[in-house]
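Engineer: Here's a structure for you.
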Amino acid sequence: MVYQIKWSRSVGEIIASLLVSCFLLSLVYFYISASLGSLTSHERSAGLNMQTSSILGDGHIISENIGRENINKNSKATPILSCHLTDFRSEVCEIYSNVRVHGSSSSILFTSDKTINLEANKTWKIRPYTRKFDAFVMKKIRAVAIRPLDASTEAPKCNQHHNITAVVFSTSGYLGNFFHDFSDVLIPLFITAGQFEGEVQFVIADMQLWWIEKHRRVLNQLSNYAIIDFNKENKVHCYPHVIVGLYSHDELTIDPSRTPNNYSMADFARLLRKAYSLERDFAVNLAEGSKRKPRLLIIARNHTRKIINVGEVVEAGEELGFEVVVRESSFHTSVGEFSRMVNSFDVMMGVHGAGLTNEVFLPTNAVLIQIVPFGNLEALSVLDFGKAAANMMLKYLQYSISEEESTLIDIYPRNHAVFRDPLSIHRQGWATMGKIYLRQQSVKLNVTRFKPFLTRALELLT
Numbered sequence: 001m002v003y004q005i006k007w008s009r010s011v012g013e014i015i016a017s018l019l020v021s022c023f024l025l026s027l028v029y030f031y032i033s034a035s036l037g038s039l040t041s042h043e044r045s046a047g048l049n050m051q052t053s054s055i056l057g058d059g060h061i062i063s064e065n066i067g068r069e070n071i072n073k074n075s076k077a078t079p080i081l082s083c084h085l086t087d088f089r090s091e092v093c094e095i096y097s098n099v100r101v102h103g104s105s106s107s108i109l110f111t112s113d114k115t116i117n118l119e120a121n122k123t124w125k126i127r128p129y130t131r132k133f134d135a136f137v138m139k140k141i142r143a144v145a146i147r148p149l150d151a152s153t154e155a156p157k158c159n160q161h162h163n164i165t166a167v168v169f170s171t172s173g174y175l176g177n178f179f180h181d182f183s184d185v186l187i188p189l190f191i192t193a194g195q196f197e198g199e200v201q202f203v204i205a206d207m208q209l210w211w212i213e214k215h216r217r218v219l220n221q222l223s224n225y226a227i228i229d230f231n232k233e234n235k236v237h238c239y240p241h242v243i244v245g246l247y248s249h250d251e252l253t254i255d256p257s258r259t260p261n262n263y264s265m266a267d268f269a270r271l272l273r274k275a276y277s278l279e280r281d282f283a284v285n286l287a288e289g290s291k292r293k294p295r296l297l298i299i300a301r302n303h304t305r306k307i308i309n310v311g312e313v314v315e316a317g318e319e320l321g322f323e324v325v326v327r328e329s330s331f332h333t334s335v336g337e338f339s340r341m342v343n344s345f346d347v348m349m350g351v352h353g354a355g356l357t358n359e360v361f362l363p364t365n366a367v368l369i370q371i372v373p374f375g376n377l378e379a380l381s382v383l384d385f386g387k388a389a390a391n392m393m394l395k396y397l398q399y400s401i402s403e404e405e406s407t408l409i410d411i412y413p414r415n416h417a418v419f420r421d422p423l424s425i426h427r428q429g430w431a432t433m434g435k436i437y438l439r440q441q442s443v444k445l446n447v448t449r450f451k452p453f454l455t456r457a458l459e460l461l462t
């Protein structure tokens, strides 16, 4: 049944008046925000986000949330500074004119031959990490100050000139967790820097050398130049174009409509295959009569969210004709070694967790089976790994365990809110939800109930 509501003219006029008032208040808020500088992480978490401020070479300030592709359409001038501050995941500023990067002072300075009408001592502060919505972690990210130099201020001397773009970002935050390595930095870096085809230099704040070495092969695919340690660099490096921060679309995902060259997760997967010399572009096609057994990789976990009856799952897979291997994605295993191993499989399965990030190494048309722990975690699981699988042209299956398959039944009574009302646990915050559903819980699969998913995976390989 459809209900139609007819508004009286007086009510419509009231609503129109309110809308106009809200619009005017939003303009006032923008100009107040512009005078105060960047908002704190606490304010961002409360939903108070600044509009994009694009400062153009002719001195105009456009207070609209517009993309850089639209700036030149609205003005004949070449933009000097374009800041994108309203995105949920990250803040990014691009500077296009005589940019000086001085790492030890955490400053990005820029000048222009043209007169720019800017208020004195205006500074933009960007924390170049892609979890803007997470106030806790963003407090740990070093802020980078972006400041214009007026005609009366002498610009610091350039110690080294470059004719390429520089990208400034942080390797702090949650890095070291394999999921966050990719979702927070490597994929956003591909989105931001892939368009330059290697003619870009990375200037890294909060640089972790072990992390750089761990992902050196990917970084070398994106940049032909030595990495600069932003925190320790005393020289002034000068560039024609600097990007502070990384563009990010979603967890482990790329939206091709928002990338400069319509890059997708499939393109990122191809870059990884090149970086790690992965041999297989496509999974086995059983319809072609391949004599090789389809291979099933079970990603094991040794602490939380374990499959405690993994041996039974192996037997079920072998009965169906799989060659089954169980491996743990260890922090100490080299990415190159593990990526080549993953690439040799046609189906990968595991309980929701960072180990499933290895889906980025699977060949096209391979199958990912994600086992979702009990606790209303289906949407989170799709967001973290399901969307990425589809975007990389993988086949995706999602299996949600029942209460009986969760080890939580050994910890809590069956009438507890943990089982009766999982959403009430979620409402207590991430810490409580994570403690119960992600850290206290392991999985004992009902193999009879789960086996049809393995059968379906075989069907998807035909």
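Heads up, the sequence shown is in the UniProt record's numbering, so the first residue is 1 and it goes up one at a time.
Just so it is clear, CB atoms sit at the ideal spot from N, CA and C, and this is done for glycine as well.
Grouping DSSP H, G and I as helix and E and B as strand, with all else coil, what is Asp267?
Structural biologist: Asp267 falls in the helix class under three-state DSSP.
Engineer: Is DSSP giving His437 helix, strand or coil here?
Structural biologist: What sits at residue 437 in the sequence shown is Tyr, not His. The answer is helix: DSSP assigns Tyr437 an H, G or I state.
Engineer: Beta-carbon separation of Glu91 and Leu85 under 8 angstroms?
Structural biologist: In contact: Glu91 and Leu85 (Cβ atoms closer than 8 angstroms).
Engineer: Do you know whose CA, among Val347, Thr123, Ile308 and Ser257, lies nearest Leu286's CA?
Structural biologist: Here the closest residue by C-alpha is Val347.
Engineer: Cβ of Phe202 within 8 angstroms of Cβ of Leu219?
Structural biologist: A contact, by the Cβ cut-off of 8 angstroms.
Engineer: Within the same chain, show all residues whose beta-carbon is closer than 8 angstroms to that of Ser402, passing over the 5 residues directly before and after it, in chain order.
Structural biologist: Cβ neighbours of Ser402 beyond the five flanking positions: Phe374, Asn446 and Arg449.
Engineer: Do Phe178 and Ser329 come within 8 angstroms of each other at the CB atom, strictly closer than that value?
Structural biologist: Result yes, Cβ atoms of Ser329 and Phe178 sit closer than 8 angstroms.
Engineer: Quick check: the Cα distance between Ile187 and Arg127, rounded to an integer number of angstroms?
Structural biologist: Going from the Cα of Ile187 to the Cα of Arg127 covers about 18 angstroms.
Engineer: State the DSSP-derived secondary structure class of Lys395, mapped to helix, strand or coil.
Structural biologist: Strand at Lys395.
Engineer: Can you tell me the Cα-Cα spacing of Ser339 and Ser248, whole angstroms?
Structural biologist: When rounded, the distance between both Cα atoms is 24 angstroms.
Engineer: Identify which residue in Asp250, Ser277, Ala275 and Tyr276 has its Cα closest to the Cα of Ser264.
Structural biologist: When each option's Cα is compared against that of Ser264, the closest is Asp250.
Engineer: With burial defined as no fewer than 16 other Cβ atoms inside 10 Å of the residue's Cβ, what is the status of Ile411: buried or exposed?
Structural biologist: Answer is exposed; the Cβ neighbour count stays below 16.
Engineer: Nearest to Pro260 by alpha carbon, out of Gln195, Asp206 and Leu460?
Structural biologist: If we check each option's Cα against that of Pro260, Gln195 comes out closest.
Engineer: Under the three-state reduction of DSSP, which class applies to Ala226: helix, strand or coil?
Structural biologist: DSSP places Ala226 in coil when its eight states are reduced to three.
Engineer: What is the C-beta distance between Ala283 and Thr357, in whole angstroms, given that I count them as a contact (C-beta under 8 angstroms)?
Structural biologist: Incorrect: roughly 18 angstroms between the Cβ atoms, too far for contact.
Engineer: Can you grab the Cα-Cα spacing for the pair Ala354 / Ala366, in whole Å?
Structural biologist: If I take the Cα positions, the gap works out to 19 angstroms.
Engineer: With a threshold of 16 other CB atoms inside 10 Å of the CB of Ser172, please say whether the residue is buried or exposed.
Structural biologist: It is buried - the Cβ of Ser172 has at least 16 other Cβ atoms within 10 Å.
Engineer: Using C-beta distances below 8 angstroms, list every residue in its chain close to Asp184, excluding the 5 sequence neighbours before and after it, in chain order.
Structural biologist: So the list reads Tyr129, Thr130, Arg131, Gly173, Tyr174, Leu175 and Ser248, once near-sequence residues are dropped.
Engineer: Only counting the same chain, and skipping five residues up and downstream in sequence, which positions put a Cβ closer than 6 angstroms to that of Ala155?
Structural biologist: Closer than 6 angstroms at Cβ, skipping near neighbours: Thr111 and Leu149.
Engineer: What is the DSSP secondary structure of Gly355, counted as helix, strand or coil?
Structural biologist: Looking at Gly355 - three-state DSSP - the assignment turns out to be helix.
Engineer: Does the separation of the CB atoms of Arg147 and Leu109 fall below 8 angstroms?
Structural biologist: Yes, these two residues count as a Cβ contact at 8 angstroms.
Engineer: Can you have a look at residue 467 and say buried or exposed, based on whether 16 or more other CB atoms are within 10 angstroms of its CB?
Structural biologist: This structure gives no information on residue 467, because the portion of the chain shown stretches from 1 to 462.
Engineer: Got a sec, what are the start and stop residues for the beta strand (DSSP E) Phe110 sits in?
Structural biologist: Residues Ser107 to Phe110.
Engineer: In this structure, what does DSSP give as the bridge partners for Asp250?
Structural biologist: Its beta-bridge partners are Thr253.
Engineer: Under 8 angstroms, do Leu297 and Gly317 count as touching if we go by C-beta distance?
Structural biologist: No; because the gap between Cβ atoms is not below 8 angstroms, this pair is not in contact.
Engineer: Taking only the alpha-carbon atoms, compute the straight-line gap between Asn302 and Val310 and give it to the nearest angstrom.
Structural biologist: Between Asn302 and Val310, the C-alpha separation is close to 12 angstroms.
Engineer: Give every residue of the same chain whose Cβ lies closer than 7 angstroms to the Cβ of Lys73, excluding the five residues on either side of it in the sequence, and list them in chain order.
Structural biologist: With a pLDDT of 37 at Lys73, under the threshold of 50, the modelled position of that residue is not reliable, and no figure is offered here.
Engineer: Leaving out five residues on either side along the sequence, give the residues of the same chain with a beta carbon under 6 angstroms from the beta carbon of Met207.
Structural biologist: Taken in chain order, the residues that qualify are Thr171 and Asp229.
Engineer: Which residues bound the alpha helix (DSSP H) around His215?
Structural biologist: No alpha helix (DSSP H) holds His215; DSSP gives it neither H nor E.
Engineer: Please state the DSSP three-state secondary structure of Arg295.
Structural biologist: Three-state result, Arg295: strand.
Engineer: Hey, is Lys122's beta-carbon within less than 8 angstroms of any beta-carbon in chain D?
Structural biologist: This model lacks chain D altogether; it includes just one protein chain.
Engineer: Near Lys232, what residues of its chain come up, given a Cβ to Cβ distance below 6 angstroms and the 5 sequence neighbours on each side ignored?
Structural biologist: Correct list: empty, nothing qualifies.
Engineer: Please list the terminal residues of the continuous alpha helix (DSSP H) segment that includes His426.
Structural biologist: First-last of the alpha helix (DSSP H) with His426: Pro422 to His426.
Engineer: Taking DSSP as the reference, what is the three-state secondary structure of Ala155?
Structural biologist: Ala155 falls in the coil class under three-state DSSP.
Engineer: Hey, would you say the C-beta of Ile436 is under 7 angstroms away from at least one heavy atom of the ligand MN?
Structural biologist: Ligands displayed in this structure: none; no statement on the ligand MN is therefore possible.
Engineer: So what does Phe169 bridge to, in DSSP terms?
Structural biologist: Ile204.
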